[in-house]
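Terminal number for the sequence shown in the numbering used here: 310, no gaps in between.
All C-beta atoms, glycine included, are put in the ideal place defined by N, C-alpha and C.
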Amino acid sequence: MPTTYQSSRCSTGAVPVYKETGVFHDSATYEAANASAIVANDVIQMVPIPGGNAPNGVEVIDVILTTDDCGTATADVGDGDDPDYLIDGADIGAAAGCVARRGSGVSVLAAAGFPKIYTTNDTLDVKIASSSANVEGTIRLDVFMRAL
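Rendered as structure tokens:
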């Protein structure tokens with residue numbers, strides 16, 4: 163049965179303050195230890211999206227997934243409605259680590275309707291799409307957004 167974990171950014175319940183003009187950035191890092199037993203289909207809620215706090219919502223305009231060697235695994239980035247909306251199948255088990263960005267050519271989806279507008283508070287998540295063992299290592303997600 164899949165388990166949901168939270169980065170410290172999501173576990174506090176604090177929603178980031180949006181900027182009324184321009185792009186703003188938020189990020190989270192999750193340290194996965196072997197004892198945590200993160201496996202395929204598990205989800206890590208990484209970065210809160212303050213869609214309900216902005217008058218007309220917030221749009222996510224870019225994401226960057228960065229990892230060190232997390233074992234033999236692939237990861238998706240998206241939300242609860244569409245877990246691989248932003249990044250699909252990034253190889254987070256590469257010995258040199260992984261940097262995947264929307265549009266970087268690393269199995270990134272060309273999703274219809276991008277950028278997505280969030281009008282309620284939500285989170286961007288990393289879903290472990292596949293793994294041959296427990297995932298361990300550092301997972302970081304940087305999110306660039308703008309209020310509408």
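Simplified DSSP state of residue i, which is helix, strand or coil
i, result
"Ser-398", "Absent from the structure is residue 398, since the part of the chain shown begins at 163 and ends at 310."
"Val-270", "A caution first: Val-270 carries a pLDDT of 41, below 50, which makes its placement in the model too unreliable to give a value."
"Ile-301", "strand"
"Thr-282", "coil"
"Arg-263", "strand"
"Ala-256", "coil"
"Met-307", "strand"
"Gly-242", "coil"
Contact set for residue i: own chain, Cβ-Cβ below 6 Å, skip 5 residues either direction
i, result
"Ile-255", "In the sequence on display, residue 255 carries Gly and not Ile. Cβ within range, chain order: Cys-232, Gly-233, Thr-234 and Ala-235."
"Val-297", "Ala-194, Ile-200, Cys-232, Gly-233, Ala-235 and Ile-290"
"Ser-169", "Ala-190, Tyr-192 and Met-208"
"Asn-218", "Leu-310"
Own chain residues within Cβ distance below 8 Å of residue i, not counting five before or after
i, result
"Gly-267", "With a pLDDT of only 47 at Gly-267, under 50, the local geometry of the prediction cannot be trusted, and no value is derived from it."
"Cys-172", "Ala-190, Gln-207, Met-208, Val-209, Pro-210 and Thr-285"
Nearest residue (CA-CA) to residue i, options the options
i, options, result
"Val-288", "Pro-277, Met-208 and Gly-213", "Met-208"
"Asp-300", "Cys-260, Ser-173 and Pro-164", "The sequence shown places Thr at residue 300, not Asp. Comparing Cα-Cα distances from Thr-300 to each of Cys-260, Ser-173 and Pro-164, the minimum goes to Cys-260."
"Gly-184", "Asn-203, Arg-264, Pro-164 and Ala-216", "Ala-216"
"Thr-228", "His-187, Ala-295, Pro-277 and Ala-262", "Ala-262"
"Ser-294", "Ser-169, Thr-282, Asn-203 and Ile-249", "Asn-203"
Nonlocal neighbours in the same chain, by C-beta distance under 7 Å from residue i, ignoring five residues either side
i, result
"Gly-251", "Thr-236, Asp-238, Ser-269 and Ala-291"
Within-8 Å CB hit, residue i to chain C
i, result
"Gly-299", "Among the chains in the structure shown there is no chain C, since it carries only a single protein chain."
- Task: Check whether the segment 300 to 308 touches the segment 221 to 229, taking contact to mean three or more Cβ pairs, one atom from each stretch, closer than 8 Å.
- Result: These segments touch.
- Query: Which full runs of the beta strand (DSSP E) of 3+ residues lie inside the segment 186 to 238, going along the chain?
  - Reply: For the segment 186 to 238, the continuous beta strand (DSSP E) assignments of 3+ residues that do not extend past its boundaries occur at 205 to 212 and 220 to 229, in sequence order.
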